[in-house]
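Peer 1: I'd like to ask you about the structure that follows.
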């Protein structure tokens, strides 16, 4: 919706959503539209005229939520004639058999890749997808992987056109995503690699055969079933018995059906369906126990009608046609895995990202069938186990933050920010102060803050920071007072994004409250607070928690994550509502995620972490995180100046090393240091954030002193390499930093023209001989990649 | 009193987790504190945090637990979920996670502990897998450009 709005532009504010979309999709779109001043019209696309240009976009579901495969060619023509865009919410498995949206006029396709091998998990996590026409590349949200080349001209991949993202564009960002379900997207892609086009088609045809067999059987029993053609879902009006009776009969056989609430039922079959389940369904609708489903299914066989059948090829690239034996698949997975540096390799000291241990005992329950397999809209009385876990976890998170209530719905930190700000907005509106729309944000804040504030309909007013990276209190007071009439909130990160426990944070809260605003605390640095201080006690009104930072959910290469919010008592009535059911609490903001509890399957991770550690253990973890950071800062301060320090010269759980002087003294840029660290077997700390030309180091409590020392030794050794350039002992243009990272191919090559040795390049210290991690490619050329955008698997001849 | 405590302590779980989660040993913690000139973690905390925001009571969360017994308890809680065969649909479907993917991707720290692939040179594995995702989505939807990836279908519909 917002992407269409950006592309179409102009003064159109109306978005049309087909009433045959999934209800949770409609609900989330409605929630999103309100603060942006957009209006959502839900109705019948086939009974609406789009040629008048009233709508900037139209959303349809294909196949529809009740299983119909509708044709939208004429809708597309009308929408385009009116200058709008057509979006298709669609199903990847169905598209193996039916004409893809791009071939009937859709401009954008979206959907969930869950059924490509990712468990339902009571709602998540799974990866959603989006595709569009090439001309809209810069308007598209989410990360885009593109192909580029490295310093030796070899092909390499990297994230493309990052200039769209919130960490660069802030409030003008077209993409506000930190955690993007990467691990789940990888699972889905591996499912396609494993099955290939033939396998995917076979699964889709099998699913369709079950649906058609059920349709035939139900018609024979005299029930009313939606029209042909169908893929996997049927809407049935039972005849001669009530919908409730059928649901009860199915449930007695441990099967959940969808209740449309109007006397009709939904049946959706899938890859796990089998003959026994199909028989159970038909028996629930009154078929005799002696039913022979295979006979019925045979009767129901028919080719897909040619006017909707897919004729174009898909998954033709060799990668989808090579790894179909388990041996080949296993080796493909491990080949790729070996190209990546993970916590299984060495510490990843990314400031603000908290790459701590993801404990095995925390991870084990994630794939237990009891947690992995429930459907998000299964009757809640079947999810008692989840309820118990949610309740305990909500209470623990409230205790840790000093707040009264928790919502587990937001699916990422950025979504938590958005939800928390919507709660604040609803609070002001409820008090008749809807004019309050100014959100104060320090210029040093995470880029997501500003992007989320805009999504929540707020106007961003930046607040200055002082020489020590702290919020400039006099500027804050001035701005808060200036906006006394329309101040909605301040967004503050604590400890600050500079890695300092600022003094005066209580005063800050007081100033904002005195001016009628609410205090939103960004929980990105909550891992430095747990057990030592609490947002609620400090004076904040709401905060989100990055469960993937502080509470051990793994980063998964860029997701999953969770961003629950905790709020003070006065905000509790406004917490997000259910995406499908009516929420009892009328003041609740709408749904922010498709599933009521976000991504429940990964909630055992923080649950197990908190329970295992206990109150004392959590407190000690925080103290050691602070100790580790201060120890490293102490070891490195003689080599790299520290940009900021707090009271008594101490830093919090992270610290910033100044690398700006080296550009002048040695021509060495921050990128050169980051890439050189790869030669030492380390991932670079956070680069150029929150201060350009610096490195922000966050060791976390999980790294031992030995590992901290190894990293410090590497940084000190790199400082000496820089000094060699400064003192003219190494060449300014051809040195170990500029040439980094060095691949095995480069170091082993017969040609070596550098002004430093191969050993200096690849084995700069003794311990690397035991720890060598070889990068798969040399330095990637980002600019070349963005100029020559290629975002799909390249043809085989480019692998030379 | 001390004798009773010793008798009880010996029966506590031997697989408590905090010493596994926290990297430095108590001896290393002592060494690092000495480098900084502090005698205890509490002394370092006092020096680092403003006094007026300190939480003075312990968190009311309970004591440390053993990994084995906690997982057994959680299994009991999990078993209160009754997992029915779902035919609800609405964008969520039962599926078969191939064992080779379940064990070697989802349950493999080599795949789940990486960071976002901003340092491309040491992220070529997942970048290739994500490029495969984009190609798969692009092929199946018939639209040339796909991203990797978004939070859920509903938020994808909402736009960013």
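Chains as they are written, first to last, in our numbering: chain H, 198 to 997; chain Y, 479 to 638. By construction, the Cβ of each residue, glycine as well, lies at the ideal position given by its N, Cα and C atoms.
Let me confirm a value: residue 314(H) is counted as buried when at least 16 other C-beta atoms fall within 10 Å, else exposed. Which label applies?
Peer 2: Flag for residue 314(H) reads buried.
Peer 1: Can you determine whether any heavy atom of the ligand COA sits closer than 7 Å to the C-beta of residue 498(Y), and answer yes or no?
Peer 2: Inclusion of the ligand COA in the displayed structure is not the case, the ligand content being empty and no account of it being possible.
Peer 1: Do you know how far the Cα of residue 822(H) is from the Cα of residue 594(Y)?
Peer 2: Approximately 22 Å between the Cα atoms of the pair.
Peer 1: Against residue 452(H), what residues of chain Y qualify as contacts under a CB-to-CB distance less than 9 Å, listed in chain order?
Peer 2: Going along chain Y in sequence order, the residues near residue 452(H) (Cβ under 9 Å) are 562, 563, 564, 565.
Peer 1: Can you list, in chain order, the residues of its chain with a C-beta nearer than 7 Å to that of residue 273(H)? Leave out the 5 residues immediately preceding and following it.
Peer 2: Only 283, 301, 302, 303 meet the Cβ criterion.
Peer 1: Tell me the DSSP bridge mates of residue 717(H)?
Peer 2: DSSP output for residue 717(H) lists 688(H), 739(H) as bridge partner(s).
Peer 1: From residue 218(H) to residue 475(H), what distance separates their C-alpha atoms?
Peer 2: In a straight line, the C-alpha of residue 218(H) is about 26 Å away from that of residue 475(H).
Peer 1: What does DSSP give as the partner residue(s) for residue 490(Y) in the beta ladder?
Peer 2: Per DSSP, none; premise fails for residue 490(Y).
Peer 1: According to DSSP, is residue 417(H) part of a helix, a strand, or is it coil?
Peer 2: If DSSP states are grouped into helix, strand and coil, residue 417(H) belongs with the helices.
Peer 1: Per DSSP, which residues does residue 880(H) bridge with? Please list them.
Peer 2: Answer is 545(H), bridged to residue 880(H).
Peer 1: Quick one, which residues of the segment 574-596 of chain H are near chain C if we go by CB-CB under 7 Å, in chain order?
Peer 2: As a matter of chain content, chain C is missing from the structure shown, whose protein chains are H and Y.
Peer 1: Under 7 Å Cβ to Cβ from residue 449(H), same chain only, skipping five residues before and after it: list those, please.
Peer 2: Excluding sequence neighbours, residue 449(H) sits near nothing in its chain.
Peer 1: Who are the Cβ neighbours of residue 753(H) in its own chain at under 6 Å, not counting the five residues just before and after it?
Peer 2: Excluding residues within five positions, the ones whose Cβ falls inside 6 Å are 379, 380.
Peer 1: Say whether chain H places a C-beta atom closer than 8 Å to the C-beta of residue 492(Y).
Peer 2: False, the Cβ-Cβ gap to chain H never drops below 8 Å.
Peer 1: Give me the Cα-Cα distance between residue 496(Y) and residue 842(H), rounded to the nearest whole angstrom.
Peer 2: Residue 496(Y) and residue 842(H): Cα-Cα distance of roughly 29 Å.
Peer 1: Whole angstroms is fine: what's the gap from residue 550(Y)'s alpha carbon to residue 557(H)'s?
Peer 2: Their backbone Cα atoms lie some 14 Å apart in a straight line.
Peer 1: Going along chain Y in order, which residues have a C-beta closer than 9 Å to the C-beta of residue 317(H)?
Peer 2: Near residue 317(H) (Cβ distances below 9 Å), the residues of chain Y are 564, 570, 571, 572, 573.
Peer 1: Report the rounded CA-to-CA distance for residue 900(H) versus residue 508(Y), giving the unit in angstroms.
Peer 2: Taking the straight line joining both Cα atoms gives about 15 Å.
Peer 1: Looking at chain H, which residues of the segment 532-548 of chain Y have a Cβ within less than 7 Å of any of its Cβ atoms?
Peer 2: Against chain H - using a Cβ distance shorter than 7 Å - the residues of the segment 532-548 of chain Y are 532, 533, 536, 537, 538, 539, 540, 541, 542, 543, 545, 548.
Peer 1: Mind checking the segment 491-511 of chain Y against chain H and listing, in chain order, the residues whose C-beta falls within less than 8 Å of any C-beta there?
Peer 2: So the list reads 494, 495, 496, 498, 499, 500, 501, 502, 503, 506, 507, 509, 510, 511, given in the order they occur along the chain.
Peer 1: With DSSP run on the structure shown, which of helix, strand or coil describes residue 480(Y)?
Peer 2: Reliability of the predicted coordinates at residue 480(Y) is poor, the pLDDT of 47 falling under 50, and the value obtained from them is presented with this limitation in mind. Helix, per DSSP.
Peer 1: Can you list, in chain order, the residues of its chain with a C-beta nearer than 7 Å to that of residue 828(H)? Leave out the 5 residues immediately preceding and following it.
Peer 2: Excluding residues within five positions, the ones whose Cβ falls inside 7 Å are 905.
Peer 1: Per DSSP, what are the beta-bridge partners of residue 240(H) in this structure?
Peer 2: Per DSSP, 215(H).
Peer 1: Report the start-end ranges of each beta strand (DSSP E) in the segment 828-911 of chain H that is 3 residues or longer and not cut off at the edges.
Peer 2: For the segment 828-911 of chain H, whole beta strand (DSSP E) runs of length 3 or above, ordered along the chain, are 852-855, 891-894.
Peer 1: For the segment 874-903 of chain H, enumerate the residues whose C-beta is nearer than 7 Å to any C-beta of chain Y, in chain order.
Peer 2: Result list: 875, 880, 881, 898, 899, 900, 901, 902.
Peer 1: In the DSSP assignment, find the beta strand (DSSP E) that holds residue 603(H) and state where it starts and stops.
Peer 2: 602-604 is the extent of the beta strand (DSSP E) around residue 603(H).
Peer 1: Look up residue 432(H) in the DSSP assignment and say whether it is helix, strand or coil.
Peer 2: Reduced to three states, the DSSP call for residue 432(H) is strand.
Peer 1: In terms of alpha-carbon separation, which member of 645(H), 489(H), 538(H), 658(H) lies closest to residue 679(H)?
Peer 2: Checked all of 645(H), 489(H), 538(H), 658(H); the closest Cα to residue 679(H) is 658(H).
Peer 1: Can you say whether residue 479(Y) is buried or exposed, counting buried as having 16 or more other CB atoms within 10 angstroms of its CB?
Peer 2: Reliability of the predicted coordinates at residue 479(Y) is poor, the pLDDT of 43 falling under 50, and no value is obtained from them.
Peer 1: Would residue 821(H) pass as an interface residue toward chain Y - the criterion being a Cβ-Cβ separation below 8 Å?
Peer 2: True, the Cβ-Cβ gap to chain Y drops below 8 Å.
Peer 1: Which chain Y residues sit within Cβ distance under 8 Å of residue 1005(H)?
Peer 2: Given a span of 198 to 997 for chain H in the structure shown, any question on residue 1005(H) remains unanswerable.
Peer 1: Which first and last residues belong to the beta strand (DSSP E) in which residue 252(H) is found?
Peer 2: From DSSP, the beta strand (DSSP E) with residue 252(H) extends over 252-259.
Peer 1: Please confirm whether residue 981(H) has its beta-carbon closer than 8 Å to some beta-carbon of chain Y.
Peer 2: No - not a single Cβ of chain Y is within 8 Å of the one on residue 981(H).
Peer 1: Since residue 556(H) meets chain Y, which of its residues come closer than 9 Å, beta carbon to beta carbon?
Peer 2: Ordered by position in chain Y, the residues that pass the 9 Å Cβ test against residue 556(H) are 495, 498, 499, 545.
Peer 1: I'd like to know if residue 213(H) contacts chain Y, where contact means its C-beta is closer than 8 Å to some C-beta of that chain.
Peer 2: Cβ-Cβ to chain Y under 8 Å: no for residue 213(H).
Peer 1: Check for me: the alpha helix (DSSP H) holding residue 330(H) runs from which residue to which?
Peer 2: Where residue 330(H) is concerned, there is no enclosing alpha helix (DSSP H), given that its DSSP letter is neither H nor E.
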